[in-house]
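Scroll down for the structure; my scribbles are underneath it.
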Amino acid sequence: MDGMRGMGEQVIGLLFPRGCAGCDSPDEVLCASCRRLFECRVSHPLASLLMGRWHACGWYQGSMRHAILSWKDHGDEECDRPFGDALCRLSKTSGTVAYLREHASDLPVLVVPAPSSRASMRRRGRRHMWPVAKRLADYLRAETGLPVVPCEVLASRGVQRKSVQMTGVSQRSQRLKGHVVVLPSVALRERRVILVDDIVTSGATMRRCVEALRREGAEVVTVLTLAHTPKHA
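Following our numbering, the numbering of the sequence shown begins with 66 at its first residue and continues without gaps.
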């Protein structure tokens with residue numbers, strides 16, 4: 066079966082050649098140079114997290130920015146795997162794997178993607194963070210032996226503009242105030258949660274999501290994100 070899938074991928078590659086999502090190097094989904102951009106860990110404190118810090122794979126600029134936009138807004142679904150792998154590596158280097166092992170519990174650990182607006186999901190035709198969250202959950206389950214499950218419990222309501230289109234922390238906070246809601250499908254009390262996102266700009270989205278989860282009794286371990294926007298951007 067794997068052989069047939071490999072042959073199929075080769076045929077598709079011949080018929081529809083592609084370039085690296087970051088730099089357009091031929092015959093690569095994400096070339097080695099661009100993958101290394103996702104290994105420049107950025108970390109900042111956030112007191113409301115159990116680990117006290119959130120982490121990004123790297124900076125939202127240059128080829129890394131181009132790769133994320135190709136995946137997020139231009140439908141490059143082949144990036145699901147390398148971006149999922151990037152978050153898996155980040156969970157290791159950030160100490161998240163070690164933390165989960167040291168604080169083992171019988172209750173499932175939830176990997177929760179930050180929500181997109183309904184308009185964004187319609188435009189993209191999919192929930193782009195979901196396959197990445199699933200890949201991370203699979204990795205954490207294998208690494209820790211704990212019950213780790215991906216879970217969509219957050220939703221965004223009534224948001225009209227993208228966070229990256231707005232300037233300043235106060236604008237983004239107003240945009241999100243009252244708009245991040247917790248869906249009633251899962252009991253969150255005393256559940257440990259790892260929040261995952263694509264891009265952190267001011268951090269307003271991240272903080273609102275953490276606040277919403279904690280109000281429902283969840284214990285948010287950390288936030289893992291693909292990229293952090295530099296302050297000068």
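Think of the CB as a built atom: it goes at the ideal place given N, C-alpha and C, for glycine as much as any other residue.
Following the continuous alpha helix (DSSP H) through residue i, name the residue where it begins and the one where it ends.
i, result
"His-52", "The chain is shown only over 66 to 298; residue 52 falls outside these bounds and no answer can be derived."
"Pro-147", "145-158"
"Val-261", "Unbroken run through Val-261 is the beta strand (DSSP E), 257-265; no alpha helix (DSSP H)."
"Ala-220", "Premise fails: Ala-220 lies in the beta strand (DSSP E), 219-221, not in any alpha helix (DSSP H)."
"Val-162", "161-167"
"Ala-269", "269-280"
"Arg-101", "97-102"
State the beta-bridge partners of residue i as determined by DSSP.
i, result
"Gly-127", "None; Gly-127 has no bridge partner."
"Arg-118", "Pro-110"
"Gly-84", "Pro-91"
Among the options, whose alpha-carbon lies nearest the alpha-carbon of residue i?
i, options, result
"Ser-50", "Ala-220, Ala-86, Glu-255, Val-176", "Since the first residue of the chain shown is 66 and the last is 298, residue 50 is not available in this structure."
"Cys-105", "Met-129, Cys-96, Asp-92", "Met-129"
"Arg-279", "Ser-250, Val-265, Gly-268, Val-246", "Val-246"
"Lys-296", "Glu-284, Val-265, Arg-272, Arg-273", "Val-265"
"Val-94", "Glu-142, Phe-103, Leu-175, Ala-112", "Glu-142"
"Arg-192", "Leu-219, Arg-100, Ala-252, Arg-273", "Leu-219"
"Arg-146", "Asp-89, Glu-281, Ser-181, Cys-96", "Cys-96"
"Leu-211", "Ser-170, Gly-282, Ser-181, Ser-182", "Ser-170"
"Pro-196", "Ala-151, Gly-127, Glu-208, Leu-172", "Ala-151"
"His-293", "Ala-252, Gly-127, Met-116", "Gly-127"
"Ser-159", "Arg-188, Pro-110, Tyr-125, Ser-221", "Pro-110"
"Thr-161", "Ala-277, Met-116, Ser-181", "Met-116"
"Gly-149", "His-131, Pro-215, Ser-267", "Pro-215"
"Ala-132", "His-120, Cys-88, Arg-188", "Cys-88"
Using a threshold of 8 Å, state whether the C-beta atoms of residue i and residue j are closer than that.
i, j, result
"Val-213", "Leu-114", "no"
"Ala-184", "Met-194", "no"
"Glu-284", "Arg-256", "yes"
"Gly-123", "Leu-102", "yes"
"Ser-108", "Arg-118", "yes"
"Cys-248", "Gly-282", "For the sequence presented, residue 248 should be read as Leu rather than Cys. Result no, Cβ atoms of Leu-248 and Gly-282 do not sit closer than 8 Å."
"Leu-205", "Val-177", "no"
"Ser-267", "Ser-221", "no"
Span of the beta strand (DSSP E) holding residue i?
i, result
"Pro-91", "First-last for Pro-91: undefined, no H or E at that position."
"Pro-215", "213-215"
"Asp-203", "Note, Asp-203: premise wrong, no beta strand (DSSP E); alpha helix (DSSP H) at 195-209."
"Leu-175", "174-178"
"Val-247", "245-247"
Given 8 Å, three or more beta-carbon pairs between the segment 155-175 and the segment 277-291: Enough Cβ pairs lie closer than 8 Å, so yes.
For the segment 259-266 against the segment 185-201, do three or more pairs of beta-carbon atoms, one drawn from each stretch, fall closer than 8 Å, so that the two count as touching? yes
Is it a yes or a no for the segment 162-175 touching the segment 138-145, going by three-plus beta-carbon pairs under 8 Å? no
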